[in-house]
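K.L.:
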Amino acid sequence: MTAAILLVHLLSFAAYVGAGFAQQRLMKASAKSGLTGDVRDAYERLSAGIITKIELPAIFGSIASGVAFIAQNPALMKLGWLHGKITCVLLLAVLSHLEMFNARRIVAARARGEAGADEAIAARKARHGLFGTIGAILVVIVLVLVTFVRLG
């Protein structure tokens, strides 16, 4: 049973990282000049869809499997590094929600086609990039905690 939980945990986190990378790349690509409106809009919609359909379910799969690990062996909570990991993962879940709301607002603003929306969308895309940077830092912290600190 522990091996199955570990598999779900690792696959979920890998899917989370991959989806996060993909949606950030798509959002960044949508900001490039010279794109047709249709291509730009498709990139924005894909980015928002990846967050909702892959990134968020993956982080919750990782959280659920982590809870299953702790339920099997509550003594794990005595390990200091695990508290840091749990904190980072919960922050990643919050950050993914913020990215989802932001990406959906970009898509909605683009669909409305209001005058002056380009400036607001550009500001949201900059915010989205900041969320991605923060998320990347948190992922690195998680990886350091589970490899070097845990094994050190």
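Just so you know, the sequence shown maps onto residues 172 to 323 in the numbering used here. For glycine and all other residues, C-beta sits at the position ideal for the given N, C-alpha and C.
#1: Looking only at its chain, what residues have a beta carbon closer than 6 Å to the beta carbon of residue 201, apart from the 5 residues adjacent to it on each side?
#2: What do you get for residue 195, buried or exposed, if any count of 16 or more other CB atoms within 10 angstroms of its CB means buried?
#3: Flag this pair as yes or no: are the beta carbons of residue 183 and residue 197 separated by less than 8 Å?
#4: Applying the criterion that 16 or more other CB atoms from any shown protein chain within 10 Å of the CB defines a buried residue, is residue 172 buried or exposed?
#5: Let me know if residue 319 comes out buried or exposed under the rule of 16 or more other beta-carbons within 10 Å of its beta-carbon.
#6: To which residues of the same chain is residue 186 closer than 7 Å at the C-beta, ignoring the five residues directly before and after it?
#7: Quick one: what does DSSP say residue 244 is sitting in, helix, strand or coil?
#8: Under three-state DSSP, which class holds residue 207?
P.N.:
Concretely, from the data shown:
#1: Result list for residue 201: 211, 214, 215, in chain order.
#2: buried
#3: no
#4: exposed
#5: exposed
#6: 225, 229
#7: coil
#8: Here residue 207 sits in coil by DSSP.
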